[in-house]
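Trainee: First, the structure itself, so that you have it in front of you.
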Amino acid sequence: MQKQIEWSKYFNFDQEKKIKLLKSVGAKKIYAMALMPIRGPHGFRKLDYEFAEKKLEVNEIMNRLEDYLFNVFGLVIKDTDGACVWDTEVGWNPTNRDILGEFCDAGKERNIQIMVAFTSMNDAYQGSLHPERVSIHGRNGEKLGKKYKKGDISTHNAYEMRVDLPEGIAFEDYQKKIPFLTSEIDLKIGKSRDSRGSGYIPTESFMCPNSNHIDYLIGLTREVVKNYPIKAFTADYIRYDGHFTDLCACSRCVTKFKENYGHKSKLLKGKEWYEFKTDTIASYAQKLQKTVKNIDNTCLTGWYSQVGPKNLVTIKRHGQDWSKLSSILDISIPMEYPYLGGTRDDGFFWGKVGDFFFWYFLRNMKKRAHEYKGPVLAVTNSVECSVKEMLKQMRSFDFGLGIALFKYFGTTEDQWRALKEYAENEIGLENLIFS
Ligand SMILES: [Zn+2]
Numbered sequence: 007m008q009k010q011i012e013w014s015k016y017f018n019f020d021q022e023k024k025i026k027l028l029k030s031v032g033a034k035k036i037y038a039m040a041l042m043p044i045r046g047p048h049g050f051r052k053l054d055y056e057f058a059e060k061k062l063e064v065n066e067i068m069n070r071l072e073d074y075l076f077n078v079f080g081l082v083i084k085d086t087d088g089a090c091v092w093d094t095e096v097g098w099n100p101t102n103r104d105i106l107g108e109f110c111d112a113g114k115e116r117n118i119q120i121m122v123a124f125t126s127m128n129d130a131y132q133g134s135l136h137p138e139r140v141s142i143h144g145r146n147g148e149k150l151g152k153k154y155k156k157g158d159i160s161t162h163n164a165y166e167m168r169v170d171l172p173e174g175i176a177f178e179d180y181q182k183k184i185p186f187l188t189s190e191i192d193l194k195i196g197k198s199r200d201s202r203g204s205g206y207i208p209t210e211s212f213m214c215p216n217s218n219h220i221d222y223l224i225g226l227t228r229e230v231v232k233n234y235p236i237k238a239f240t241a242d243y244i245r246y247d248g249h250f251t252d253l254c255a256c257s258r259c260v261t262k263f264k265e266n267y268g269h270k271s272k273l274l275k276g277k278e279w280y281e282f283k284t285d286t287i288a289s290y291a292q293k294l295q296k297t298v299k300n301i302d303n304t305c306l307t308g309w310y311s312q313v314g315p316k317n318l319v320t321i322k323r324h325g326q327d328w329s330k331l332s333s334i335l336d337i338s339i340p341m342e343y344p345y346l347g348g349t350r351d352d353g354f355f356w357g358k359v360g361d362f363f364f365w366y367f368l369r370n371m372k373k374r375a376h377e378y379k380g381p382v383l384a385v386t387n388s389v390e391c392s393v394k395e396m397l398k399q400m401r402s403f404d405f406g407l408g409i410a411l412f413k414y415f416g417t418t419e420d421q422w423r424a425l426k427e428y429a430e431n432e433i434g435l436e437n438l439i440f441s
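With positions in the sequence shown counted from 1, the corresponding number in the working numbering is that position plus 6.
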């Protein structure tokens, strides 16, 4: 058995916050499994509305989670495509189903709390509907072999998601349903993280966080918190697109930046610019917090934290200031996916690559944990890694609240068995029961 890391000595926030949070959840530990309903029945590289509409078996899923001792279920209610899988008057729901409502009902019957994950800035559908709200490039550049110019909107081919045509449906007809689908096809499946999908390539758009997209997101949030008995509302993609350093240079952002930091302040670089970026993201967090708590004071809020080098990546690229965001929202959720960088399942070399990332992720968290000003629940992957790698991550990244797993579909039977044993022997049933 590997040695337990004493995380409490790396963190530096008021422990009362953690006690209060667990009291609100009602159990001593959180053991959560996440599901992305529109990514099909296997990994997470497909966009599959047919599956969500016709084949997703809510009761079967919740039975399994109950059998395997999970006490929290995390549903991705809005993914990077922009689909809203609830009964919505504000958003776009291509599944013709109230998937969130079905899971809430099933959770009530089983004593499983529902936590929702809500993709914020990354929204392909809104990008096609409102190109004027998409982030704007501030420099010329190239992505996946395609050139873009300063002033272009940041709508690009998606990295990881691919689309198969449903049987008997012509491409043109399917494009009416998915307006952000291109006619380009990716045939190869590679082993690096960004090249594991095959099929038609959709586009992706990171929306400008100073545009009306924010009002749209707040409207959706209001709808969800008002109408569904969820325990936590967590914001994913609460950030800029990390693939670029020149976003967002639209006139809204430039004007606001100059107003706040003076006309001499430098665009796209310098302390002021990055401060402006992190403030922009924090201001969205603030709006989210207010919206949720005004409707339901007992509903927890959270944000997904990109891990990695502080200045180069999380501040400059993503605009995520850990201290700012964790001071506003209740739970910080670092995404600890080292073995998505490579797994032993793909051979010795890729196992070594994964082990290197694991070492790096651990070291990075030890160095940066003190930046969080509130409780931290890590999410780690069960999909696309071995049983051993999965357990290693779960044991290492339990920062005191428990652990969340990503994701339901793609977890192997061997992993499910290991997950149950972990709950029984390492978390302890007494810690998972709601009081
Ligand atoms: Zn902008």
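Heads up, the beta-carbon is just placed ideally off N, CA and C, and yes, glycines get one too.
1. At what residues does the beta strand (DSSP E) containing Val82 begin and finish?
2. Could you give the DSSP three-state label for Asn387: helix, strand or coil?
3. Under 7 Å between the Cβ atoms of Val382 and Ser338?
4. Measure the C-alpha to C-alpha separation of Glu436 and Glu430 and round it to an integer number of angstroms.
5. Starting from Gly107 and walking both ways along the beta strand (DSSP E), at which residues does that stretch end?
6. Which residues in the same chain have their Cβ closer than 8 Å to the Cβ of Thr86, if we skip the five residues on either side of it in sequence?
7. Just verifying my parser: in three-state terms, what is the DSSP assignment at Arg199?
8. Could you pull out every residue in the same chain whose Cβ sits closer than 7 Å to the Cβ of Arg199, ignoring the five residues on either side in sequence?
9. Is Cys90 near ligand 1, judged by its Cβ being under 6 Å from some heavy atom?
10. Roughly how many angstroms separate the alpha carbons of Thr307 and Gly174, rounded to a whole number?
11. Quick check on Cys41: does DSSP put it in helix, strand or coil?
12. Whether or not the region 230-243 and the region 102-119 are in contact is what I'm after, with contact meaning three or more pairs of Cβ atoms, one per stretch, closer than 8 Å; do they touch?
13. Alpha carbon to alpha carbon, how far is Gly151 from Asp252?
14. Taking only runs of the beta strand (DSSP E) that begin and end inside the region 151-185, which ones reach a length of at least 3 residues, in chain order?
15. Buried or exposed: His162, going by 16 or more other Cβ atoms within 10 Å of its Cβ?
16. Look up Val313 in the DSSP assignment and say whether it is helix, strand or coil.
17. From the DSSP output, in three-state form, read off Gly353 for me.
18. Going by beta carbon distance, what residues of the same chain come within less than 8 Å of Leu193, once the five residues before and after it are set aside?
19. Could you give the residue range of the alpha helix (DSSP H) that holds Asp285?
20. Rank Lys379, Val319 and Glu281 by C-alpha distance to the C-alpha of Trp328 and give the top, closest one.
21. Going by DSSP, what residues sit across from Tyr206 in a beta bridge?
22. For the structure I just gave you, are there three or more beta carbon pairs, one from the region 282-292 and one from the region 354-371, closer than 8 Å?
23. Please find out if some non-hydrogen atom of ligand 1 comes closer than 6 Å to the beta-carbon of Cys254.
24. Does the Cβ-Cβ distance between Phe79 and Ser160 come in under 7 Å?
25. Quick one, are the C-beta atoms of Trp92 and Leu106 less than 7 Å apart?
26. Give me the residue from Trp309, Met400 and Val319 with the minimum Cα distance to Ser332.
27. Could you tell me if Gln119 is buried or exposed, where buried requires 16 or more neighbouring beta carbons within 10 angstroms of its beta carbon?
28. Would you mind reading off the limits of the beta strand (DSSP E) that contains Met341?
29. Skipping 5 residues on each side, what residues in its chain have a beta carbon closer than 7 Å to that of Asn266?
30. Output the distance between the C-alpha atoms of Gly276 and Phe363, rounded to the nearest integer angstrom.
31. Tell me which same chain residues have a C-beta within less than 7 Å of the C-beta of Ser217, skipping the five on either side of it?
Mentor: Looking at the coordinates:
1. It spans Val78 to Lys84 - the beta strand (DSSP E) in which Val82 sits, taken as one unbroken run.
2. Residue state for Asn387 is assigned as strand, using DSSP reduced to three classes.
3. The beta carbons of Val382 and Ser338 sit closer together than 7 Å.
4. Distance between the alpha carbons of Glu436 and Glu430 is about 9 Å.
5. Not the beta strand (DSSP E): Gly107 falls in the alpha helix (DSSP H), residues Ile105 to Arg116.
6. Shown here for Thr86: same chain residues with a beta carbon closer than 8 Å to its own, the five before and five after excluded, namely Thr125, Asn128, Asp129, Ala130, Ala164, Met167, Glu210 and Tyr243 in chain order.
7. Note that Arg199 scores a pLDDT of 48, beneath 50, so its modelled location is shaky and nothing firm can be said.
8. Per-residue confidence for Arg199 stands at a pLDDT of 48, beneath the threshold of 50, marking its modelled position as unreliable; the derived number appears in the next sentence. Correct list, in chain order: Leu346 and Gly347.
9. Shortest gap from the CB of Cys90 to any heavy atom of ligand 1: 6 Å or more.
10. The alpha-carbon of Thr307 is positioned some 42 Å away from that of Gly174.
11. Reading the sequence as shown, one finds Leu at residue 41 and not Cys. Here DSSP, grouped into helix, strand and coil, assigns Leu41 to strand.
12. Yes: the two stretches touch, three or more of their Cβ pairs being nearer than 8 Å.
13. Gly151 and Asp252: Cα-Cα distance of roughly 18 Å.
14. Assignment of beta strand (DSSP E) within the region 151-185, counting only whole runs of 3 or more residues, yields 152-154 and 161-163 in chain order.
15. With 16 or more other Cβ atoms inside 10 Å of its own Cβ, His162 counts as buried.
16. It is coil, neither helix nor strand.
17. In the structure shown, Gly353 adopts coil according to DSSP, grouped into three states.
18. Excluding the 5 residues flanking it on each side, Leu193 has same chain C-beta neighbours closer than 8 Å at Ser204, in chain order.
19. Asp285 -> alpha helix (DSSP H) spans Lys277 to Ile301.
20. Minimum Cα-Cα distance from Trp328 among the listed residues Lys379, Val319 and Glu281 corresponds to Lys379.
21. Tyr206 pairs with Val169 and Ile191.
22. Touching, no.
23. At least one heavy atom of ligand 1 is nearer than 6 Å to the Cβ of Cys254, so yes.
24. Not a contact, by the Cβ cut-off of 7 Å.
25. A contact, by the Cβ cut-off of 7 Å.
26. Of Trp309, Met400 and Val319, the smallest CA-CA separation from Ser332 is found for Trp309.
27. Burial call: buried.
28. Note, Met341: beta strand (DSSP E), Ile337 to Glu342.
29. Answer for Asn266: Phe282, listed in chain order.
30. So the two alpha carbons sit approximately 29 Å from each other.
31. Apart from the 5 residues on each side of it in sequence, Ser217 sits with its Cβ closer than 7 Å to the Cβ of Arg139 and Arg258 in its chain, given in chain order.
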